[in-house]
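Numbering (our numbering), first residue to last: 48 to 310. Take a look at the structure below.
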């Protein structure tokens, strides 16, 4: 087995340069002088304690927030596709109508052209024939696939996924992460994926960036030594077990530091 492409291509897809950020009206910075680069074609998992600022990094990348210092660069000025924790499908619109929403916002296409592209994307994520259903008629996993399809419809090469499987049951999560890995290998997108699940991070990503505390001043880097395609059984191998142990030790260290600092 081998990766479909070099996971460490040096071509940047997103760059943080000395970025600092604090929400208006607060003196507490969430991010201070942070530097990191996401490279094209990577699947990068971003992990860290709750509330440390991981989602804020995604909001800075998709321009929902602006840094108070430093630069957030998306080379070429390309758009980011953003998928939040909840699917946020409009309940009064059919699945097809939800999927084509980014095209409606962009404008310039006829309704027939938008529907044709939406049906193509639905087919690619395994939802062919479900376009006329309402979101309430779909299972949780199917709703997340529909949400991912809507994210793909933006045409963005950089996808920002914020804990997209956190609300799913365990077995559905296992199925969805295998499905997402297949989508990534096929479409060759660049993905930044937030998760609290260490095993999920190891299974999916080429590289893991870990925030150990707030404010985030740096991200610890862990390269995942497993080739693609991956199977669940690969997580029981010595390299995966060693990496999971390192990540769990890092989290325990974070908890210890937070407890000491608050005492």
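Quick reminder that beta carbons are idealized off the backbone N, C-alpha and C, glycines included.
>> Only counting the same chain, and skipping five residues up and downstream in sequence, which positions put a Cβ closer than 8 Å to that of residue 166?
In response: Walking along the chain shown from the start, residue 166 turns up at place 119. Hits under 8 Å: 143, 175, 178.
> Per DSSP, residue 312 is paired with what?
Replying inline: Coverage of the chain is limited to positions 48 through 310, which leaves residue 312 absent and any answer about it impossible.
>> Can you tell me where the alpha helix (DSSP H) holding residue 219 begins and where it ends?
In response: Within the chain shown, the letter at position 172 stands for residue 219. 217–234 is the extent of the alpha helix (DSSP H) around residue 219.
>> Once the 5 residues before and after residue 291 are set aside, which same chain residues still bring their CB inside 8 Å of it?
In response: As a working note, residue 291 is residue 244 in the chain shown. Taken in chain order, the residues that qualify are 245, 246, 249, 282.
> Hey, how far is the Cα of residue 193 from the Cα of residue 130?
Replying inline: Counting from 1 along the chain shown, the entry for residue 193 is found at position 146. Counting from 1 along the chain shown, the entry for residue 130 is found at position 83. Each residue's alpha carbon lies about 11 Å from the other.
>> Could you tell me the alpha carbon to alpha carbon distance between residue 273 and residue 198, rounded to whole angstroms?
In response: Position 226 of the chain shown, counted from the start, is the residue given in the question as residue 273. Position 151 of the chain shown, counted from the start, is the residue given in the question as residue 198. Looking at the two C-alpha atoms, the distance is approximately 27 Å.
> Around the C-beta of residue 151, are 16 or more other C-beta atoms found within 10 angstroms, so that it is buried, or is it exposed?
Replying inline: The residue you call residue 151 lines up with position 104 of the chain shown. Exposed is the call here.
> Can you list, in chain order, the residues of its chain whose CB lies under 8 Å from that of residue 59, leaving out five sequence neighbours each side?
Replying inline: Mapped onto the chain shown, residue 59 falls at position 12. Same-chain partners within the cutoff: 84, 85, 86, 87, 120, 122.
> Straight-line CA distance for residue 270 to residue 237?
Replying inline: Locating residue 270 in the chain shown gives position 223, where the first residue counts as 1. Locating residue 237 in the chain shown gives position 190, where the first residue counts as 1. If you take the alpha carbons of residue 270 and residue 237, they lie about 16 Å apart.
> Does the Cβ of residue 309 have 16 or more other Cβ atoms within 10 Å, making it buried, or fewer, making it exposed?
Replying inline: By 1-based counting over the chain shown, the position of residue 309 is 262. Low local confidence applies: a pLDDT of 39 at residue 309 is under 50, so the model's placement there is unreliable, and no value is given.
> Among 234, 180, 191, 235, which one has its Cα closest to the Cα of residue 224?
Replying inline: The residue labelled residue 224 in the question sits at position 177 within the chain shown. Residue 224 has its Cα closest to that of 191, out of 234, 180, 191, 235.
>> Pull the bridge partners of residue 270 from the DSSP assignment, please.
In response: Here residue 270 is taken as the residue at index 223 of the chain shown, counted from 1. DSSP lists 254 as partners of residue 270.
>> Distance check for residue 92 and residue 256, CA to CA, integer angstroms please.
In response: Translated into positions along the chain shown, residue 256 becomes position 209. Translated into positions along the chain shown, residue 92 becomes position 45. One C-alpha to the other measures close to 6 Å.
>> So, for residue 62: in the same chain, excluding its five sequence neighbours on each side, which residues have a beta-carbon less than 6 Å away from its beta-carbon?
In response: Start at 1 with the first residue of the chain shown, and residue 62 comes out as number 15. Here the set comprises 84, 120.
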